[in-house]
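Chemist:
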Amino acid sequence: MASCRGANGLTLLTTVRDGDVVLVTAAGEIDLASVGYFRAVLSDACGAGEKLVVDLTRVGYLSCAGLRALEEARRSRPALSVVATGSLVLRAFAVSGVGAAVPVRPRLREACAAAGA
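Under the working numbering, think of the first position of the sequence shown as 1, with each following residue one higher.
1. In angstroms with no decimal places, state the Cα-to-Cα distance between Gly47 and Val21.
2. Checking 8 Å against the spacing of the C-beta atoms, do Thr25 and Asp44 come in under that value?
3. Rounded to whole angstroms, what is the Cα-Cα separation between Val82 and Gly97?
4. How big is the Cα-Cα spacing for Pro103 and Ala79?
5. Helix or strand or just coil, what does DSSP make of Ser96?
6. Who are the Cβ neighbours of Arg107 in its own chain at under 8 Å, not counting the five residues just before and after it?
7. Taking the straight line between their C-alpha atoms, what separation do you get for Leu88 and Leu62?
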């Protein structure tokens, strides 16, 4: 499984790693214009594997709508983890409190391990 699509300034690539980790890699901005697309890809990914990792290292902006989409995915797929390193994205998690419910890690390897925990 590998798919790559773009919409409204956001590109998402979905792949499978190690047989049971579905990885959604995002590049661009997740805002009101692109969140519907982000939510749809997360929904598809939740049904595709046991563990879900969302890589936001190439995301420059994450709105509260994007945070809500991640919370929804977490409710649907509890084995979810996020990779994030950008200061604006990390700040969004910190200010909103979503980081307490959705594990955020600085490296992909750690996020994959957290998704399995």
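We put the beta carbon where it would ideally sit given N, CA and C, even for glycine.
Modeler: Straight from the coordinates:
1. For this step, residue 47 is matched to residue 47 along the sequence shown. For this step, residue 21 is matched to residue 21 along the sequence shown. In a straight line, the C-alpha of Gly47 is about 12 Å away from that of Val21.
2. The residue labelled residue 25 in the question sits at position 25 within the sequence shown. The residue labelled residue 44 in the question sits at position 44 within the sequence shown. Going by C-beta atoms, Thr25 is not nearer than 8 Å to Asp44.
3. The count along the sequence shown starts at 1 and reaches residue 82 at position 82. The count along the sequence shown starts at 1 and reaches residue 97 at position 97. Near 14 Å, if we compare the C-alpha coordinates of Gly97 and Val82.
4. Translated into the one-based positions of the sequence shown, residue 103 becomes position 103. Translated into the one-based positions of the sequence shown, residue 79 becomes position 79. Between Pro103 and Ala79, the C-alpha separation is close to 10 Å.
5. On the sequence shown, residue 96 is found 96 positions in, with the first residue counted as 1. The answer is helix: DSSP assigns Ser96 an H, G or I state.
6. Taking the first residue of the sequence shown as position 1, residue 107 is located at position 107. Closer than 8 Å at Cβ, skipping near neighbours: Val83.
7. In the sequence shown, counting from the first residue as 1, residue 88 sits at position 88. In the sequence shown, counting from the first residue as 1, residue 62 sits at position 62. Just so you know, the alpha carbons of Leu88 and Leu62 end up roughly 7 Å apart.
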